[in-house]
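A quick write-up on the structure given underneath.
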Amino acid sequence: MSGVQKKAAWVVSNLCCLVCICVCICNRDLTSQLHHIHQPPHTTPLLRPMSVWPRPARIAALFAAFLAILLLLQRQATNPPLTAAMASPDVLSKLGVSVSQSAASPPTLAVKVVNGNDVPVTVLTWDSPLDPAALSLGLVRVTPTGAAAPLELPTLMFRRIMPPAPEQLVTIEPGAAVEREIVLRDEVVPADKLFGSGGSPARVALKGRWTCVWVKRREDISDESLDRTSGADDAFEGEFESNEIEVKKA
3 MSGVQKKAAW
13 VVSNLCCLVC
23 ICVCICNRDL
33 TSQLHHIHQP
43 PHTTPLLRPM
53 SVWPRPARIA
63 ALFAAFLAIL
73 LLLQRQATNP
83 PLTAAMASPD
93 VLSKLGVSVS
103 QSAASPPTLA
113 VKVVNGNDVP
123 VTVLTWDSPL
133 DPAALSLGLV
143 RVTPTGAAAP
153 LELPTLMFRR
163 IMPPAPEQLV
173 TIEPGAAVER
183 EIVLRDEVVP
193 ADKLFGSGGS
203 PARVALKGRW
213 TCVWVKRRED
223 ISDESLDRTS
233 GADDAFEGEF
243 ESNEIEVKKA
C-alpha cells in the first residue's frame, strides 16, 4: 500500500467512526436497549438511554459529529504540503537530475534539477547537484574512454554551519527547473586524465544523495526543521543519479 493509500485509509476509517457515532445517536431501537441494563435496586442508572434524550440534545449531538467531519476534511484540504510530505515517499524519484555539456574550454557541465511533483519542493543544496562544490565533494563521476571505473578524484570535506543560510535552500515549483554549472577544473580533473593522450571524450555523470528535501516552500519550513535538516520529520533524504554524457575536448 502506497503512502497516499495509507493516508486515504486513515481518513476513511476516521469518517467511518464518526458516521457510526451518528448512527448510534439516531437509532432509537439500539440505544433504548441501554435502559434495560441490569442495575442494583434503588440505584440511579449509570447510563441514560439516548432515546429519552430531549430532541434538541439529539440534534446538537448530530451537529457536533458532522462538524467534526467537516473540520477533518478542511484540515486535509488546507494543508497540502504536509499531507504530501507524509504521503509521498516517491517524491525524490520525481526530482529529475540531468547533465549536458555547456562549454568545451574549460569543460563545463550544465546541471538541471526538474521538479516532477505536483507540489513545490525545497532542496538543501548541501551535497546535492546544486552544490557549488559538487566537483570537490566527489559527486561528479568521470570515466575516461576505455576505463572500467570512474577516476578517483581528490575530494574535500566541508564543515557546515547550522542552520543553513537562506541561499542554501532552493524552492522548485511544480514542473519548474533549477540549473547550475560545474566547471571541470584542471586542478581537480587534469585534461590528460579526462581525455587521455588521444583526446577521446570521457563519460560523465552525477551521483550522490539528497541531504534534505522538504515538500513545501522555503518560507514554510520551521526553524526546528532547519536545525535538524536530515533528521527532520517532515523532510526526505535519498539517492540521486543523472544521465551519463560524453564530454568532448575543445
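The sequence shown runs 3 to 252 under the numbering used here.
Note that beta-carbon positions come from the ideal geometry of N, C-alpha and C, so glycine has one too.
Cut-off 6 Å between Cβ atoms - residues of its own chain near residue i, not counting five sequence neighbours on either side
{"i": "Glu-246", "result": "Arg-205, Ala-207"}
{"i": "Ala-87", "result": "Unreliable placement is indicated for Ala-87, whose pLDDT of 41 sits below 50; no coordinate value is reported for it."}
{"i": "Asp-120", "result": "Pro-176"}
{"i": "Ser-100", "result": "Lys-114, Ser-244, Asn-245"}
{"i": "Val-125", "result": "Val-172, Val-215"}
Buried versus exposed, by CB contacts within 10 Å (16 or more), residue i
{"i": "Lys-218", "result": "buried"}
{"i": "Ser-130", "result": "buried"}
{"i": "Pro-109", "result": "buried"}
{"i": "Ala-105", "result": "exposed"}
{"i": "Phe-242", "result": "buried"}
{"i": "Thr-157", "result": "exposed"}
{"i": "Leu-69", "result": "exposed"}
{"i": "Gly-201", "result": "exposed"}
{"i": "Ala-179", "result": "exposed"}
{"i": "Ala-66", "result": "exposed"}
{"i": "Ile-223", "result": "buried"}
{"i": "Ile-174", "result": "buried"}
C-beta atoms of residue i and residue j nearer than 8 Å
{"i": "Asp-229", "j": "Pro-168", "result": "no"}
{"i": "Val-93", "j": "Phe-238", "result": "yes"}
{"i": "Ser-138", "j": "Val-185", "result": "no"}
{"i": "Leu-155", "j": "Gly-140", "result": "yes"}
Strand pairing of residue i, partner residues [DSSP]
{"i": "Thr-110", "result": "Ala-105, Val-185"}
{"i": "Ser-202", "result": "None, per the DSSP bridge assignment."}
{"i": "Glu-243", "result": "Lys-209"}
{"i": "Val-116", "result": "Gly-98, Ala-179"}
Separation of residue j from residue i, as counted between CA atoms
{"i": "Ser-244", "j": "Leu-171", "result": "21 Å"}
{"i": "Ala-150", "j": "Leu-111", "result": "22 Å"}
{"i": "Pro-122", "j": "Asp-194", "result": "42 Å"}
{"i": "Gly-240", "j": "Pro-192", "result": "31 Å"}
{"i": "Asp-225", "j": "Thr-231", "result": "10 Å"}
{"i": "Gly-98", "j": "Ile-61", "result": "54 Å"}
{"i": "Val-142", "j": "Ala-136", "result": "7 Å"}
7 Å Cβ shell around residue i - same chain, five flanking residues per side excluded
{"i": "Thr-127", "result": "Asp-133, Gln-170, Val-172"}
{"i": "His-38", "result": "Residue confidence is low: His-38 scores 49 on pLDDT, short of 50, so the model does not pin down where it sits. Its coordinate-derived value is still stated next. Closer than 7 Å at the Cβ level, and outside the excluded window around His-38, lies no residue."}
Same chain only: Cβ atoms within 8 Å of residue i, ignoring 5 sequence neighbours per side
{"i": "Pro-203", "result": "Thr-147, Phe-197, Glu-248, Val-249, Lys-250, Lys-251"}
{"i": "Lys-96", "result": "Asn-117, Gly-118, Asn-119"}
Closer than 7 Å: residue i CB and nearest the ligand PLP heavy atom
{"i": "Arg-187", "result": "Of the ligands one can find in the structure shown there are none, so the ligand PLP has no counterpart to examine."}
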